[in-house]
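Chemist: Going left to right, the sequence shown walks through residues 66 to 238 as this note's numbering numbers them. Questions regarding the structure given below will be posed in turn.
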Amino acid sequence: MSLTFLWLRPASAQPCAYRGAIAPTPTTRTYQHQELGFTFEIPANYRAMGLADSRVAFYDSATFEYVQCAVRNRQVSRVAPAATLYVNYAPLQENNLLALTQRVRPWLVFYQPAYEAVTLGNIPVLPYRYVHQIYGNSVLALSFRSLDQQWLVTLEGAPENPITPLALATIQP
């Protein structure tokens, strides 16, 4: 009796090369979150990517292509460069914006950022900043209720990256 073994060689995936981030263009475009209705400006060469955990990540065009290539070629074990801006949202269960933000984002209790509730138009918003203790990077964030009052929306990113202050300055909840 003869045994034959068939070895399947995986299709050779093209390695994904990261060229580095591309600087944001001075030209902007409006990003609109279809489900929650808010808008803000991003550089025209930035792209939005929906993530599995309901977040939306924003990348420059080169980083976006790198992440897409890694997913297509199943190289997802590679560490992707961090997105420059994230939109997170979670269902509302209470009225107090600070308590709600701390419930949805419990690690903020550890960081103890200074909170100062303000209004944007007639919408209460909660801007805050903290330094991530593991990564050592500064994070600038803004939390607010969606127009339908069903979701807590948080926009967060690195303050030194031009897209974060641009988005925070132009957001229309």
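Glycine included, C-beta positions come from ideal geometry on N, C-alpha and C. Note that this is a predicted model, so its numbers are computed, not measured.
#1: Grab me the residues of P156's own chain with a C-beta within less than 7 Å of its C-beta, minus the 5 sequence neighbours each way, in chain order.
#2: Report the option in A109, S208, V204 whose CA atom is closest to the CA atom of P89.
#3: From the DSSP output, which residues share a beta bridge with I188?
#4: How many Å lie between I107 and P91 at the Cα?
#5: Tell me whether the beta-carbon of L191 lies closer than 8 Å to the beta-carbon of L162.
#6: Tell me, please, which residues DSSP counts as bridged to Y154.
#7: Report yes if the C-beta distance between L233 and Y154 is below 8 Å; otherwise report no.
#8: Around the Cβ of D125, are there at least 16 other Cβ atoms within 10 angstroms (buried) or fewer (exposed)?
#9: With a threshold of 7 Å (Cβ to nearest heavy atom), would A234 be considered close to the ligand SAH?
#10: For I188, which option in A127, A117, L212, S203 has the closest C-alpha, if you only look at C-alpha atoms?
#11: Can you say whether A122 is buried or exposed, counting buried as having 16 or more other CB atoms within 10 angstroms of its CB?
#12: Is R94 buried or exposed, if buried means 16 or more other CB atoms sit within 10 Å of its CB?
#13: Comparing alpha-carbon positions, which option in N138, R168, G222, I199 lies nearest A82?
#14: Determine the direct distance from the alpha carbon of Y176 to that of P238, and round the result to whole angstroms.
#15: Where does the unbroken alpha helix (DSSP H) through Q133 begin, and where does it stop?
Modeler: To lay it out plainly:
#1: For the purposes of this step, residue 156 is taken as the residue at position 91 of the sequence shown. Closer than 7 Å at the Cβ level, and outside the excluded window around P156, lie Q215, W216.
#2: For the purposes of this step, residue 89 is taken as residue 24 along the sequence shown, with counting starting at 1. Comparing Cα-Cα distances from P89 to each of A109, S208, V204, the minimum goes to A109.
#3: Mapped onto the sequence shown, residue 188 falls at position 123. L185, per the DSSP bridge assignment.
#4: On the sequence shown, position 42 is the one that residue 107 refers to. On the sequence shown, position 26 is the one that residue 91 refers to. If you take the alpha carbons of I107 and P91, they lie about 10 Å apart.
#5: Your numbering for residue 191 matches position 126 in the sequence shown. Your numbering for residue 162 matches position 97 in the sequence shown. Taking 8 Å as the Cβ cut-off, L191 and L162 qualify as a contacting pair.
#6: Taking the first residue of the sequence shown as position 1, residue 154 is located at position 89. Bridge partners of Y154 according to DSSP: V218.
#7: Position 168 of the sequence shown holds residue 233. Position 89 of the sequence shown holds residue 154. Not closer than 8 Å, so no.
#8: As a working mapping, residue 125 is identified with position 60 in the sequence shown. So D125 ends up on the buried side.
#9: For the ligand SAH, the structure offers nothing, since it holds no ligand at all.
#10: On the sequence shown, position 123 is the one that residue 188 refers to. Ranking A127, A117, L212, S203 by Cα distance to I188 puts L212 first.
#11: Here the question's residue 122 lines up with position 57 in the sequence shown. Label assigned to A122: buried.
#12: Numbered from 1 along the sequence shown, position 29 holds the residue referred to as residue 94. It counts as exposed.
#13: Here the question's residue 82 lines up with position 17 in the sequence shown. Looking at the Cα atoms, N138 is the closest of the given residues.
#14: The residue labelled residue 238 in the question sits at position 173 within the sequence shown. The residue labelled residue 176 in the question sits at position 111 within the sequence shown. If I take the Cα positions, the gap works out to 26 Å.
#15: Here residue 133 refers to the residue found at position 68 when the sequence shown is read from its first residue. Here the alpha helix (DSSP H) through Q133 covers 126-137.
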